[in-house]
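Novice: Following this message is one structure expressed as structure tokens.
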């Protein structure tokens, strides 16, 4: 197995540990949230998350992206420290300015974003939380590009445990509502920011270089509209639902997104590990072949997970939410596929490698515009299903366009005769399951046994489509060898 592939699977496995724990805790917390927060508060929280994401891609001008692109090409350790320190102080200054201004104008901003009926204090706490989110996002990403995967995960786990424990206490004991959720997040950010800084403190010095800053910003600034386009792509459906329907429907759709985002448990390891390794090895002639292989493995895992999430969505909703949210089952499969398609951009690295960030921005903005138009066209006719279909259409557009341009700039020998059927089969399978009426005439146990059996067969078919017999045997052989070596080293 190639060094890149070995390092990728090792890092992706490590990176997956944190999200698995995080998502597990979030699933445990979901019944508490749905019972302690009103549906309108859920809607407000979703809106504040949109604001937070917009701030995180604009205030620091996506400098992390510029840092990542140039850090791996730095020739000396001193130059690497210069890139790290310059970007670090830039982020500190920009987020400090943001926090001061947002608190000074909190009354008017709160009325505009949250509404007159809610206290500006909610907005103020949300902005402090956003400040913490931005700093943690930067510092954690630095650990990622320093290839310190274990420390990256440790920080994420620490944040999840501290913020979740604080939130539970504030919700159940003090009945603090949405203020309790925001306060819990702030406490978690304080701890995680300190740990992130401590683990990478030797990379930050009291130095600043304007030339390095210009270099990084020249790469990253065009990514601001690209990232805004992605946020619009992810959130315009909820904004449209809020305006065309109500906050209650937006809350149901938001819960569907929460369940669909469980796919990130599978994807985040791939996403977090791959780009730093590509930047470090893209000049190697063997790298495109390794990316092609990793992509097929990625599809096997992700399509299998999406199918499971889709066909068991109603059972999951019944366990973790109240009947008010059961309508989310209609859109979870659609949003799951959209989330997956958007995540596949990591396998189109040509534009980043060639520094074509303006092209990336153009693609994302066009997709965002398409999504916005489709939301306002579809929702009046199809409700929340229309919003989900608009997002899926735009996600498909952005994947195809990115793949087209990436292949021209950094060719990867994809096996399209395998990949295209692999895209079609899961969609057909999910449609087939839902066409059967969710096996409504059967008992719960029999229904779940049949669903599990059908899922197992479908996952096996996906493996057969994407991975040949000889390749599968080789994977099993190498896995056994790795396991044998690990066991020998332990005993």
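In this note's numbering, the protein residues as written are 277 to 767. Just so it is clear, CB atoms sit at the ideal spot from N, CA and C, and this is done for glycine as well. As the structure is a prediction and not an experimental result, all values here were calculated from the model.
What is the DSSP secondary structure of residue 707, reduced to helix, strand or coil?
Specialist: Helix at residue 707.
Novice: With distances taken between CB atoms, is the gap from residue 483 to residue 738 smaller than 9 angstroms?
Specialist: Not closer than 9 angstroms, so no.
Novice: If contact is defined by three or more beta carbon pairs under 8 angstroms, each pair taking one atom from either stretch, is the region 366–384 in contact with the region 304–322?
Specialist: Because the criterion of three Cβ pairs below 8 angstroms is not met, the region 304–322 and the region 366–384 do not touch.
Novice: At the level of alpha carbons, what is the spacing between residue 364 and residue 488?
Specialist: Going by the C-alpha atoms only, they are around 12 angstroms apart.
Novice: When we look at the beta-carbon of residue 609 and count the other beta-carbons within 10 Å, is it buried (16 or more) or exposed?
Specialist: By the 10 Å Cβ count, residue 609 comes out buried.
Novice: Nearest-angstrom Cα distance between residue 746 and residue 740?
Specialist: Cα to Cα, the separation comes out at about 11 angstroms.
Novice: Measure the C-alpha to C-alpha separation of residue 501 and residue 640 and round it to an integer number of angstroms.
Specialist: Rounded to the nearest angstrom, the two C-alpha atoms are 8 angstroms apart.
Novice: In the DSSP assignment, the alpha helix (DSSP H) including residue 633 goes from what residue to what residue?
Specialist: Note, residue 633: alpha helix (DSSP H), 633–658.
Novice: What does a CB cutoff of less than 7 angstroms around residue 379 pick up in its chain, not counting 5 residues either side in sequence?
Specialist: Within the same chain, residue 379 has close Cβ partners 400 and 403.
Novice: Is residue 727 buried or exposed, if buried means 16 or more other CB atoms sit within 10 Å of its CB?
Specialist: Buried.
Novice: Counting C-beta neighbours from all protein chains within 10 Å, is the total for residue 392 16 or more, i.e. buried, or is it exposed?
Specialist: The residue in question, residue 392, is exposed, as its Cβ has fewer than 16 Cβ neighbours within 10 Å.
Novice: Please report the distance separating the alpha-carbon of residue 527 from that of residue 548.
Specialist: Going from the Cα of residue 527 to the Cα of residue 548 covers about 29 angstroms.
Novice: I need the DSSP call for residue 596, collapsed to helix, strand or coil.
Specialist: Helix, per DSSP.
Novice: Excluding the five sequence neighbours on either side, which residues of its own chain have a C-beta within less than 6 angstroms of the C-beta of residue 626, listed in chain order?
Specialist: These residues qualify, in order along the chain: 682, 685 and 686.
Novice: Identify whether residue 485 lies in helix, strand or coil by the three-state DSSP scheme.
Specialist: Residue state, collapsed to three classes: coil.
Novice: Can you give me the C-alpha to C-alpha distance between residue 635 and residue 342, rounded to a whole angstrom?
Specialist: Taking the straight line from one Cα to the other gives about 16 angstroms.
Novice: Can you grab the Cα-Cα spacing for the pair residue 518 / residue 651, in whole Å?
Specialist: Spanning the two alpha carbons is a distance of roughly 12 angstroms.
Novice: Buried or exposed: where does residue 769 fall if 16 or more other Cβ atoms within 10 Å of its Cβ makes it buried?
Specialist: Residue 769 falls outside the range modelled here, since the chain spans only 277 to 767, and no answer is possible.
Novice: Exposed or buried, what is residue 719 when buried is set at 16 or more other beta-carbons lying within 10 Å of its beta-carbon?
Specialist: Exposed, by the Cβ-count rule.
Novice: Give the straight-line distance between the Cα atoms of residue 492 and residue 724, rounded to the nearest whole angstrom.
Specialist: Those two C-alpha atoms are separated by around 52 angstroms.
Novice: Do residue 666 and residue 647 have their C-beta atoms closer together than 9 angstroms?
Specialist: Contact: yes.
Novice: Taking 8 angstroms as the cut-off, does the CB of residue 501 come closer than this to any heavy atom belonging to the ligand SAM?
Specialist: Among the ligands in the structure shown, none appear at all, so the ligand SAM cannot be discussed.
Novice: Is the region 416–425 close to the region 331–348, with three or more CB pairs under 8 angstroms?
Specialist: A contact exists between the region 416–425 and the region 331–348.
Novice: Need the endpoints of the alpha helix (DSSP H) that residue 580 sits in, please.
Specialist: Counting along the chain, the alpha helix (DSSP H) containing residue 580 begins and ends at 563–587.
Novice: Is the region 403–415 close to the region 325–342, with three or more CB pairs under 8 angstroms?
Specialist: A contact exists between the region 403–415 and the region 325–342.
Novice: Taking the alpha-carbon positions, what's the residue 504 to residue 425 distance?
Specialist: Approximately 27 angstroms, taken between the alpha carbons.
Novice: How close, in whole Å, do the beta carbons of residue 593 and residue 581 come, if the pair is a contact with beta carbons under 8 angstroms?
Specialist: With a Cβ gap of about 17 angstroms, residue 593 and residue 581 do not count as contacting.
Novice: For a test of the three-state rule: what should DSSP assign to residue 497, helix, strand or coil?
Specialist: Residue 497: coil per DSSP, three-state reduction.
Novice: Looking at C-beta atoms only, is the number of pairs between the region 581–590 and the region 506–516 that lie closer than 8 angstroms three or more?
Specialist: The region 581–590 is not in contact with the region 506–516.
Novice: If you draw a straight line from the alpha carbon of residue 633 to that of residue 354, how long is it in whole angstroms?
Specialist: Roughly 27 angstroms between the two C-alpha positions.
Novice: Would DSSP call residue 342 helix, strand or coil?
Specialist: Of the three classes helix, strand and coil, the one that applies to residue 342 here is helix, per DSSP.
Novice: Please give me, in chain order, every unbroken run of the alpha helix (DSSP H) with length at least 4 that falls completely inside the region 374–458.
Specialist: As far as the region 374–458 is concerned, its whole alpha helix (DSSP H) runs of at least 4 residues are 382–389, 396–421 and 425–448.
Novice: Please tell me whether residue 336 and residue 366 are closer than 9 angstroms, where the distance is taken between their beta carbons.
Specialist: Their beta carbons are under 9 angstroms apart, which means residue 336 touches residue 366 by this criterion.
Novice: Buried or exposed for residue 544, please, with buried defined as at least 16 other CB atoms from any protein chain shown within 10 angstroms of its CB.
Specialist: Looking at its Cβ environment, which holds 16 or more other Cβ atoms inside 10 Å, residue 544 is buried.
Novice: Return yes when the Cβ of residue 671 is within less than 9 angstroms of the Cβ of residue 615, no when it is not.
Specialist: Cβ atoms of residue 615 and residue 671: closer than 9 angstroms.
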